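Data block below; observations after.
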Amino acid sequence: LERFGFFSDEVPARQSHRTREYQRVLQRLIDAGCVYRCNCSRKAVAAQGRRGQEGPIYPGTCIQHPPPQGEPAAWRFRVNESPLSFTDRVVGGITQQLQQELGDFIVFRLDGYCAYQLAVVIDDADQAITHVVRGADLLSSTPRQIALQRALALPSPSYAHIPLVIGKDGKKLSKSDAAFPVGSADPMPALRAAWHFLGQRMPPNSLRNCKDFWRFAVQEWRIEYVSNSQQPTT
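Numbers given in my numbering equal positions in the sequence shown, counted from 1, plus 1.
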């Protein structure tokens with residue numbers, strides 16, 4: 002990241018060092034009755050749950066039949082039937098009915114690790130994050146995170162989900178599919194390509210280094226130019 006001109010404002014925090022904080026927040030959710038223990042396997046959920054947006058929807062088995070005390074279990078967050086809406090700065094208005102589309106979701110895993118949805122909510126709040134910019138593949142996670150923020154009386158950041166660069170096969174570029182990495186030895190071509198992909202006014206050819214590029218980019222950036230459609234790479 003530093004090769005491309007990105008420098009952290011503070012020392013990066015490691016999630017592996019924040020277990021105590023995650024457990025403290027989990028206890029708040031437990032005390033408020035927002036979560037419940039669950040020891041259902043993926044196979045059991047797949048067999049009993051109806052099809053949802055991201056796979057089988059949890060049927061609520063452990064609400065009726067809680068795991069025995071002392072037995073290892075994950076923790077699920079209780080969603081409600083009310084629609085949850087927010088406005089994304091790129092995509093626009095989004096409404097999701099968590100109960101119907103996704104169901105109760107895991108916030109603490111069976112192995113004792115904090116799940117992504119809760120960890121990122123705690124991390125953002127502790128770091129006073131006001132704006133989140135990330136790929137469109139995480140758009141469907143946002144309502145779950147907002148639901149957790151509301152349960153914990155935390156502010157919700159402003160969200161912007163940018164389009165993904167996809168290959169000719171329609172899949173996003175990733176290491177698992179052997180996509181080529183960007184060249185960090187000469188970062189300017191990749192920065193220019195990303196800037197163009199996001200619909201921005203192209204910088205002059207006289208910009209030769211990252212410092213000059215970011216000086217230009219900060220002044221010229223217009224989020225309204227970003228399209229919410231995925232585009233293939235060339």
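Ideal Cβ positions, reconstructed from N, Cα and C, are used throughout, including at glycine.
Note that the structure is a prediction, hence the values are computed from the model and not measured.
Residue i, DSSP secondary structure in three states
i: R5; result: Looking at the sequence shown, residue 5 is not Arg but Phe. The answer is helix: DSSP assigns F5 an H, G or I state.
i: I147; result: helix
i: C41; result: coil
i: K173; result: strand
i: T235; result: Annotation note: pLDDT 45 at T235 (below 50); position unreliable, coordinate value reported separately. In this structure, T235 counts as coil in the three-state DSSP scheme.
i: S17; result: helix
Span separating the alpha-carbon of residue i from that of residue j
i: Q70; j: R38; result: 10 angstroms
i: P158; j: V91; result: 14 angstroms
i: A191; j: V183; result: 6 angstroms
i: A195; j: A14; result: 27 angstroms
i: G6; j: A218; result: 12 angstroms
i: L208; j: F214; result: 6 angstroms
i: D10; j: C211; result: 17 angstroms
i: F8; j: Q128; result: 16 angstroms
i: P156; j: V80; result: 18 angstroms
From the options, residue whose alpha carbon lies closest to that of residue i
i: F87; options: R21, A120, Q150; result: Q150
i: Q101; options: V122, I123, G53, G61; result: G53
i: E72; options: K44, S83, P57, G113; result: G113
i: C105; options: G93, T96, Q118; result: Just to set this straight, residue 105 is Asp in the shown sequence, not Cys. Answer by Cα proximity: Q118.
i: D198; options: P164, D170, M189; result: Inspection of the sequence shows that residue 198 is occupied by Phe rather than by Asp. Of P164, D170, M189, the residue nearest in Cα terms is P164.
i: H66; options: V80, K44, N40, G50; result: N40
i: A137; options: V80, L85, I130, G93; result: G93
| task | Inspect the CB distances between the region 136 to 144 and the region 20 to 36 and report whether three or more fall short of 8 angstroms. | result | no
| said: As an exercise, report each continuous alpha helix (DSSP H) stretch of at least 4 residues that is fully enclosed by the region 93 to 132, in chain order. | reply: 99 to 102, 117 to 127
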